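Colleague: Residue numbers (our numbering), protein chains in the order written: chain A, 411 to 748; chain B, 978 to 1651.
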């Protein structure tokens, strides 16, 4: 393109952009962009020596005219911003702090619960909830934990004067859902649970659990492993592995305790995990007697269930050393894990 | 349970490394909590789950290890002991509660010399963290650990009437147990008695009066079978647990009753110089049950696990666990129940046995192929989650406080603790009652933070509150100090700020804002509340300074509580498009003096009536009280917005309407226009 045309084009562009400039600062930027020492106009001018000598004076004059015109234009525009004179800068100190109200935060336990719920939601689980004051039936009997049986020892409960008890696990919600729905059932149930434990760095008489349940035709242990591995990878990172150890729970059979690769040492064995694994949940195939107690045929349907402690997972996640920090609600703690 | 490997080796071949054995046990369901060293041996600390009482002994664990490792467990048959031909001691045994005690074996011994046990026996017990007592008691403990059968030795000469009666205790009977404590007994508790009084709490602990001491010469050795439920109840009623009750309540292999008695007899003869002075006296009987055959369908196990297991493999695993297996064609196996494995009663029990030995790690992960049904979402849960995020975005921190509290704690919030749901079995005062409100929890959170020099606080909590038989989700909000404090703007928290928060929650949840009303509440200087229908659903107030001071809060504190269940159930505001007004509204301000007691609610009512349909909006933008305003009055300023759907106002029209509003305020409320 001939230099003359280039100059005219710069003029046009500068006029357009100048008309759109909304602040003195923007305008100043445009001034530098087009008229600065390294601006658009300055950049093309060395091309003047290559122009046909016959056209050279005219091109030179035109360049001068554009320069003056633009200077005039910018100065006029500058006045509309109420500033005085060319190159004047705003006297605002842009480094004073912003003044919007700062957001607060969800509690760390809520954040982790939400994250876990979202992972299982993506796998088709819906959220279910249930009461915290429960009856023996939902907390024990329907879960195949008979009265006067030593298996109750792991599930000591607070008894209430109104005849009810405080649920010692969220498995109660399994029973309530299975009474109402017919398979296929895929639920997760987060909530508070209570056990008469002495309080220390890792125990509290109130804590949070999240229970999962899936019941349908031909649900298998292999699928339980698949679902939990997907979950663990999503929550802890794609390189983690799970280890299923046989265990005993009254409401599942076979039952397993599930360990995840230690999140601290990545399985290299450290002071916390000792053997490279950290227990994070209990799981198993729903016991036929549990299905019978809610009138679902264990011959037609099978299912799996799992449960995890939210405090424990949150502690692992962010290295929280003491469970009591969660109930103290020190705003400095909440800000850290915002 | 502690398992010293040096002792265990007498019953089974072990792999050379303790760590390998620990790994093998852990991965087949017997979790090794720790491997430690003590007095020359490695000790495994095993977690024995309640379904596996067969593993509560060294021989039991040996059998499990044999199954897991494929090694051999050595059977050990005690030698028969000979009865003295010189001295015979009379002894009768009577069982009065045959369900509580199906079988009781007793044998009298004479000539025992009670002294310290040989070093090896004391060492073995030390491995188990069991204090040595004397040779006779140590032998009974040794047999308990070896076979899992609890035994007891009585001093024969302290038993009255040479008689042992197994019966329920009578109300009012008492016993001082070996631990030196006295226990009150009743009919719920099974006891071993002599002709006169209880001499042991059956299956739990012997009595002090009849215990074997250094001066004992003649003894009675008890080996019995007790009902697990009765033993468990007695142990819980008396708050007395022992190695013995621990095993009985989990149930003991009935075949060990005789075996353990023989084994202890053999050791008493050898280590205490005792001579049997009676034959083995048996009360009750034991008929080994025939056992039943369980079907194990290949289709079932493979479906449940999601693998295909070979028949030969299943047979091999079951045989290693001691099960008798019959082939049932191509579809199933038949497996006979075992006396020592009461936990194996049906097909799913067998499947668990097979898979725990086979290894969970060999089952490949699979993606579920379930049907996917659209279920109604838990809308309440979803709404609460959004509400929490809404509040957090506005600067509130979410708190999680304990639902259990002490009565004292609740009393400090101005509540009468007698109204709260009480816990029957609290372990400490902090667990006495269930909270009837979120108030105390948040006051404590404010107090905690203020004492750490954080003065500007805004907290909320969502959780259950409990009254009588009912529980409901509530949102509690507490604010104190500045809401906003920047170099540009400062806003202190106030009653009105919190009131606005409550109203914004209704808006956020798309619910009508119910009308506010005034109510006197003892804990609050001022308190407003609202109802939906007849139900009070929200309250908002300024905490009385005296009450706040109880929590070391010297600055003003504002608190609101909202019943979420009730609000979320209320009908949502229906959304529907309405044509946007074609003509701009006209704004006119109005300022006037009114008596302090004239409420804005009344003022708005008057203006609305006077302004008619054209008055669209009334916004209070200023209140002024103080100098140059007469006492007992305040100045209020509103911005009023008038609009017509079908055109613009003429100056005259607007002046007339606005004057009508002013006039109504003057005549109806005595307002002085400014």
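Ideal Cβ positions, reconstructed from N, Cα and C, are used throughout, including at glycine. Quantities reported herein were computed from a predicted structural model and do not represent experimental measurements.
Based on the DSSP secondary-structure assignment, which residues constitute the bridge partners of residue 1202 (chain B)?
Modeller: For residue 1202 (chain B), which the question treats as bridged, DSSP gives the partners B:1080.
Colleague: Decide yes or no for the touch test of the region 1453 to 1469 of chain B against the region 1330 to 1348 of chain B: beta carbon pairs closer than 8 angstroms, at least 3 of them.
Modeller: Judged by Cβ distances under 8 angstroms, the region 1453 to 1469 of chain B makes no contact with the region 1330 to 1348 of chain B, as fewer than three pairs qualify.
Colleague: Look at the alpha carbon of residue 462 (chain A) and the alpha carbon of residue 416 (chain A), and state the distance between them as a whole number of angstroms.
Modeller: Approximately 15 angstroms between the Cα atoms of the pair.
Colleague: Please list the terminal residues of the continuous alpha helix (DSSP H) segment that includes residue 1257 (chain B).
Modeller: It is not in any alpha helix (DSSP H) - residue 1257 (chain B) carries neither H nor E in the DSSP assignment.
Colleague: First and last residue of the alpha helix (DSSP H) that includes residue 1640 (chain B)?
Modeller: Here the alpha helix (DSSP H) through residue 1640 (chain B) covers 1628 to 1646.
Colleague: What does residue 1182 (chain B) touch in chain A if you count any residue whose Cβ is under 7 angstroms from its own?
Modeller: By Cβ distance, chain A contributes nothing, its closest Cβ being about 18 angstroms from residue 1182 (chain B), past 7 angstroms.
Colleague: Need the endpoints of the alpha helix (DSSP H) that residue 452 (chain A) sits in, please.
Modeller: That run of the alpha helix (DSSP H) goes 450 to 454.
Colleague: Which partner residues of residue 1572 (chain B) appear in the DSSP bridge assignment?
Modeller: DSSP lists B:1610 as partners of residue 1572 (chain B).
Colleague: How do the region 1346 to 1364 of chain B and the region 1318 to 1326 of chain B stand: do at least 3 beta-carbon pairs fall below 8 angstroms, yes or no?
Modeller: Output reads no: the region 1318 to 1326 of chain B does not touch the region 1346 to 1364 of chain B.
Colleague: Answer with buried or exposed for residue 733 (chain A), where buried requires no fewer than 16 other C-beta atoms within 10 angstroms of its C-beta.
Modeller: Residue 733 (chain A) comes out buried.
Colleague: Smallest Cα separation from residue 485 (chain A): which of A:642, A:554, A:438?
Modeller: Taking only the C-alpha atoms, the option nearest residue 485 (chain A) is A:438.
Colleague: Quick one: grab the DSSP three-state call for residue 1306 (chain B).
Modeller: If DSSP states are grouped into helix, strand and coil, residue 1306 (chain B) belongs with coil.
Colleague: Going by other Cβ atoms of all chains shown within 10 Å of its Cβ, with 16 needed for buried, is residue 1606 (chain B) buried or exposed?
Modeller: When all chains shown are included, residue 1606 (chain B) counts as exposed.
Colleague: So, with DSSP's three-state summary, where would you put residue 690 (chain A)?
Modeller: DSSP places residue 690 (chain A) in strand when its eight states are reduced to three.
Colleague: Taking the alpha-carbon of residue 1192 (chain B) as reference, which of B:1270, B:1088, B:1176 has the nearest alpha-carbon?
Modeller: Nearest option by C-alpha distance: B:1088.
Colleague: Of all the alpha helix (DSSP H) runs that stay within the bounds of the region 561 to 641 of chain A, which reach a length of 4 or more residues?
Modeller: The region 561 to 641 of chain A contains these whole alpha helix (DSSP H) runs: 581 to 590.
Colleague: Measuring straight from C-alpha to C-alpha, what distance separates residue 1505 (chain B) and residue 1215 (chain B)?
Modeller: Cα to Cα, the separation comes out at about 53 angstroms.
Colleague: What residues from the region 653 to 677 of chain A come within 8 angstroms of chain B, judged by C-beta to C-beta, listed N to C?
Modeller: Per Cβ criterion, the list reads 653, 654, 655, 656, 657, 658, 663, 664, 665, 666, 667.
Colleague: Exposed or buried, what is residue 654 (chain A) when buried is set at 16 or more other beta-carbons lying within 10 Å of its beta-carbon?
Modeller: Buried: at least 16 other Cβ atoms inside 10 Å.
Colleague: Using a Cβ-Cβ cut-off of less than 7 angstroms, list which residues of the region 726 to 745 of chain A approach chain B; keep chain order.
Modeller: Residues 736, 737, 738, 739, 740, 741, 744.
Colleague: Counting only C-beta atoms, is residue 568 (chain A) closer than 8 angstroms to chain B at any point?
Modeller: It does: the Cβ of residue 568 (chain A) has a partner Cβ on chain B nearer than 8 angstroms.
Colleague: Let me see if you follow: with CB-CB separation under 8 angstroms, is residue 486 (chain A) close to chain B or not?
Modeller: By this cut-off, residue 486 (chain A) is not an interface position.
Colleague: Tell me the DSSP secondary structure of residue 496 (chain A) in three-state form.
Modeller: Its pLDDT being 48, under 50, residue 496 (chain A) is placed unreliably in this model, and the value from its coordinates should be taken loosely. In this structure, residue 496 (chain A) counts as coil in the three-state DSSP scheme.
Colleague: Can you tell me whether residue 543 (chain A) is buried or exposed, with buried defined as 16 or more other CB within 10 angstroms of its CB?
Modeller: Buried, since its Cβ has 16 or more Cβ neighbours within 10 Å.
Colleague: For the beta strand (DSSP E) containing residue 668 (chain A), list its first residue and its last residue.
Modeller: Counting along the chain, the beta strand (DSSP E) containing residue 668 (chain A) begins and ends at 662 to 671.
Colleague: Cβ closer than 8 angstroms: which chain A residues qualify as neighbours of residue 1326 (chain B)?
Modeller: By Cβ distance, chain A contributes 663.
Colleague: Buried or exposed for residue 1573 (chain B), going by 16 or more other Cβ atoms inside 10 Å?
Modeller: So residue 1573 (chain B) ends up on the exposed side.
Colleague: Thinking just about the alpha-carbon of each residue, which of B:1516, B:1014, B:1491, B:1511 is nearest to the one in residue 1503 (chain B)?
Modeller: Taking only the C-alpha atoms, the option nearest residue 1503 (chain B) is B:1516.
Colleague: Are the region 1178 to 1192 of chain B and the region 1152 to 1160 of chain B touching by the rule of at least three beta carbon pairs closer than 8 angstroms?
Modeller: Yes, since at least three Cβ pairs between the region 1178 to 1192 of chain B and the region 1152 to 1160 of chain B fall closer than 8 angstroms, the two stretches touch.
Colleague: Within 8 angstroms (strictly less), CB to CB, does residue 1380 (chain B) reach chain A?
Modeller: Yes, its Cβ sits closer than 8 angstroms to a Cβ of chain A.
Colleague: If we count Cβ pairs, one from each stretch, closer than 8 angstroms, do we get three or more for the region 1063 to 1073 of chain B versus the region 1134 to 1141 of chain B?
Modeller: Contact holds: three or more Cβ-Cβ distances are below 8 angstroms.
Colleague: Do residue 523 (chain A) and residue 549 (chain A) come within 8 angstroms of each other at the CB atom, strictly closer than that value?
Modeller: Not a contact, by the Cβ cut-off of 8 angstroms.
Colleague: Between residue 932 (chain B) and residue 1018 (chain B), is the Cβ-Cβ spacing less than 8 angstroms?
Modeller: For residue 932 (chain B) there is no data in the structure shown, the boundaries of chain B being 978 and 1651.
Colleague: May I have the straight-line CA-CA distance separating residue 421 (chain A) from residue 454 (chain A), to the nearest angstrom?
Modeller: Answer to the nearest angstrom: the Cα atoms are 12 angstroms apart.
Colleague: Along the region 512 to 524 of chain A, what residues have a CB closer than 8 angstroms to any CB found in chain B?
Modeller: Flagged, chain order: 512, 513, 514, 515, 516, 517, 519, 520, 524.
Colleague: Provide the residue(s) that pair with residue 1508 (chain B) in DSSP beta bridges, ordered along the chain.
Modeller: Answer is B:1513, bridged to residue 1508 (chain B).
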